[in-house]
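Below is one structure, written out as structure tokens; comments come after it.
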Amino acid sequence: MQKGSNEFFNGLNTAGTISFHLISPVIVGILLGRLADGYFNSQPWATIVGIIFGMVTGMYMTYKKLMGVK
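Using our numbering, the first residue of the sequence shown is number 41, and each one after it goes up by one.
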């Protein structure tokens, strides 16, 4: 494999990882928030809190990935 092609695939890997880190916590936050809303009958507040926590978590995970923090 050529060097340029390897760099291309490394870039795709990084982009895929970052998008997964941004999207997956938000989805989990939505699902857990809806579950809590149904249990506590507090619609839509738990879902909103879940979305916010998911966004913060996704940004933190992305920051760790980009800065190389373990």
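Glycine is no exception: its CB is placed at the ideal position from the N, C-alpha and C atoms.
Collapsing the DSSP output to three states places Ser45 in a helix. Taking a contact as a CB-CB distance under 8 Å, the pair Val89 and Gly73 counts as one, their CB atoms being some 6 Å apart. Using a 10 angstroms sphere on the CB of Pro65, the tally of other CB atoms reaches 16 or more, which defines it as buried. Taking 9 Å as the cut-off, the beta carbon of Lys110 is found no closer than this to the beta carbon of Ile58. For Tyr100, the closest of Ile63, Leu75 and Gln83 by C-alpha to C-alpha distance is Ile63.
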